[in-house]
Structure formats: structure tokens, C-alpha cells
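Right, one structure below, let's go through it.
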Amino acid sequence: MTENTNIPPGDDVLLDIQDLVVHYVLEEETVEAVNGVSLRLKKGQTLGLVGETGAGKTSTALSILNLVPNPPGIIKSGSITVCGQDVLSMSGKQLEKFRGKDVSMIFQDPMTALNPVIPVGDQIAESIRYHEGLSNRDAFEKAADMLELVGIPGVRAVEYPHQFSGGMKQRVVIAIALACNPQVLLADEPTSALDVTIQAQILDMMSDLRKKLGTAMIMITHDLGVVAKICDSVAVMYAGKIVEYGTLREVFNVPRHPYTEGLFNSLPNALERSEELKPIPGLMPDPTKLPLGCAFRPRCRYAVEACREPCVSHAVSQTHTVLCSRYENPKFTLEMNRGVF
Numbered sequence: 000m001t002e003n004t005n006i007p008p009g010d011d012v013l014l015d016i017q018d019l020v021v022h023y024v025l026e027e028e029t030v031e032a033v034n035g036v037s038l039r040l041k042k043g044q045t046l047g048l049v050g051e052t053g054a055g056k057t058s059t060a061l062s063i064l065n066l067v068p069n070p071p072g073i074i075k076s077g078s079i080t081v082c083g084q085d086v087l088s089m090s091g092k093q094l095e096k097f098r099g100k101d102v103s104m105i106f107q108d109p110m111t112a113l114n115p116v117i118p119v120g121d122q123i124a125e126s127i128r129y130h131e132g133l134s135n136r137d138a139f140e141k142a143a144d145m146l147e148l149v150g151i152p153g154v155r156a157v158e159y160p161h162q163f164s165g166g167m168k169q170r171v172v173i174a175i176a177l178a179c180n181p182q183v184l185l186a187d188e189p190t191s192a193l194d195v196t197i198q199a200q201i202l203d204m205m206s207d208l209r210k211k212l213g214t215a216m217i218m219i220t221h222d223l224g225v226v227a228k229i230c231d232s233v234a235v236m237y238a239g240k241i242v243e244y245g246t247l248r249e250v251f252n253v254p255r256h257p258y259t260e261g262l263f264n265s266l267p268n269a270l271e272r273s274e275e276l277k278p279i280p281g282l283m284p285d286p287t288k289l290p291l292g293c294a295f296r297p298r299c300r301y302a303v304e305a306c307r308e309p310c311v312s313h314a315v316s317q318t319h320t321v322l323c324s325r326y327e328n329p330k331f332t333l334e335m336n337r338g339v340f
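Now the structure itself:
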């Protein structure tokens, strides 16, 4: 089954993922983490990759850097091209030069992303020395400048991670990721460990830096509020597949997939405080025993017999696609367009 790639190819496409399949092969079972993901990311675009824990978001991001832990992880099939380079065919030496320079990643927990016994300036300078060939002194000076860029005084470059608050540590991690001006930035829930006030500051800073540096970004999150604040496109992921893709306005104003609809219905309504939440019934399926056909079928109130068969993406517009077999029925599509469902 091949999904639509959502964005037409062109010179401004920095990231091109086609039919990516990632499995984790264990002794007694196989975890089917990513099951045919296709995506394109354009220069300057910020894509929100949304879904529940276990949807395959992080595995997709790790695949872009060819960092899926092997064993047990295996990139079974598909292709990943970044800035015209075939990532999956790179040698170890090529990957070392590629990571941090062309693509960087901001990991979830700054507490574990930073080395506790090395000053933060040296941790930022390490990537600069390797990729730009600067001397230790020049690299450290640029590291101090990067701290200034993310709102930390450069003189603090000599300090250790334990001397920084959680929000400051996250800023240091962002400085490391941006030190060599990568073309593509992968942000894996970069604000999940922070309180709401600091979270807003980090998101504002990332948005400003993205505009200043022209970096394309994938924001991996389960928080729709974060997506609304920083992204211009949205890909909704469920059980290793992208079930809906579109612009922020399309997905937020007219969600098409039943799962996307369920995500929005489960959010509290600030205007109707007496209204009850409508959680999605059931749980995400076991990735070692995915159901036949549509993986969302057991939880879907629109499910029909056709949902037991594999489905393909349908284009609602030039920029909006949905992976749902019911769009093969013209009557259903018309009713969805009228807002009946």
C-alpha cells in the first residue's frame, strides 16, 4: 500500500520519505512501528507530526538520521532523501558528517541529552569543531554566541548542566542542534518536560530561530496546542501510518479522518465548560498484532465492512489527504464536505 506524498517534488524539497517501513524484531514477536510512511518537507516548512504514544513518530524521526537501534530495529524498506542525499545508503563516516550538519535532532529530555561532567560550551563546541573545522578557541567562542542566540549569557558557557534550570537546559540542547545551521531540524517533544510558561518561551524562541535561519522543522508532539502555535502543516499518525495530512487550517478547521476528529473531540472546550469530554473509545492496537485493514477500525464509529480491507490515501484537496476507505464512497465524501459527520 502506497500513501500519497502530500507535497509535489521540487527544488525546494529538503526531505523526501517514501514508503518507510520500520520494524523491531524481538525473539518472540515483531513490533510493526512504522508501516509505509511517505512525507515531503519543503524549505522553511514546519510540519507537526501528531499522534498518541506508540504511533511511530519517534521511530520515523530516528530513521531520518539512520539512528534506529539495530538490533532490534530494522528499516525494512523505503527511501529517505535529505538535501538530495540517500540517507539509508550512507557509510558510517558519511553519516557522522551528515548528522548535526544537514539534519539535527532535539531530543525529549534535556536531563539525559547533556553530559553532566562537561561544560555546556564544550558540548556545543564539539559539533562546531567537527563540522566546521574551527580551532578549540574559535569553536568555543561560537558556542558562546549560540548560547546568546537562545537567550543565555555567553559567559555561562563554562558552567555545567546541573547549574541550569530545566528550561535553560532545553535551550542548551536547542543551541547544540542549531550550532551548524542544519537544513532540517527534528524536534521530538522538546517542551514535554517543561511547565507551561517555559514551554511558551521555548516555542516562541524556536519559531523565531526557524525564521531567522530558514530551517525546515518537524515538530513531534501529542499536544495539539503546540502544533497550532508553531506549525504550518500537520501529519496525524496512528499505528505507524499517516492517516491525515494537510495545512494547519485544513486539519484543524475541517478534520477528515475519524481519528483526527476524535482527537479534537477529546479536548476541553473553553467556551462550553459544562460540555463533557468525548474520549476516543478503546486503546491503540498492539503493534505486534495490528488488525487487518484499517488499524483504527475497532475504535471507529463510522467503521463498515470495507474497513477490513487495506485502504489508500484520498486527496480531499491539493494539500489535504486522508487514509480512510469510506472516501471511496462518493455519498460519504459529499456528506463529509457538507459537515454532516
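The letter at position 96 of the sequence shown is residue 95 when you use numbering that gives the first Met the number 0, and the numbering goes up by one with no holes.
For every residue, glycine included, the Cβ atom is placed at its ideal position computed from N, Cα and C.
Quantities reported herein were computed from a predicted structural model and do not represent experimental measurements.
Its chain contains T287 as the residues whose beta carbon lies nearer than 6 Å to that of E28, once the 5 sequence neighbours on both sides are disregarded; these appear in chain order.
The beta carbons of L322 and K240 sit about 6 Å from each other, so the pair counts as a contact at 8 Å. In the displayed model, R248 falls within a helix according to three-state DSSP. Straight-line spacing of the CA atoms in L46 and E158 works out to 34 Å. Per the C-alpha coordinates, the member of P189, V36, K141, S191 positioned closest to G77 is V36. With 16 or more other Cβ atoms inside 10 Å of its own Cβ, R209 counts as buried. In this chain, the beta strand (DSSP E) harbouring M236 covers 232 to 237. Here the alpha carbons of F295 and P309 stand approximately 12 Å from one another. If you draw a 10 Å sphere on the C-beta of N34, you find 16 or more other C-beta atoms in it, and that means buried. Between Q44 and S191, the C-beta gap is not smaller than 8 Å, which leaves the two residues out of contact. Taking the Cα of E26 as reference, the smallest distance to any Cα among P70, L177, N252 is reached at P70. Under the rule that a run must span 4 or more residues, the alpha helix (DSSP H) segments found entirely inside the segment 82 to 112 read 91 to 97, 109 to 112. Measuring C-alpha to C-alpha distances from L184 to each of A32, L94, I105, L291 identifies I105 as the nearest.
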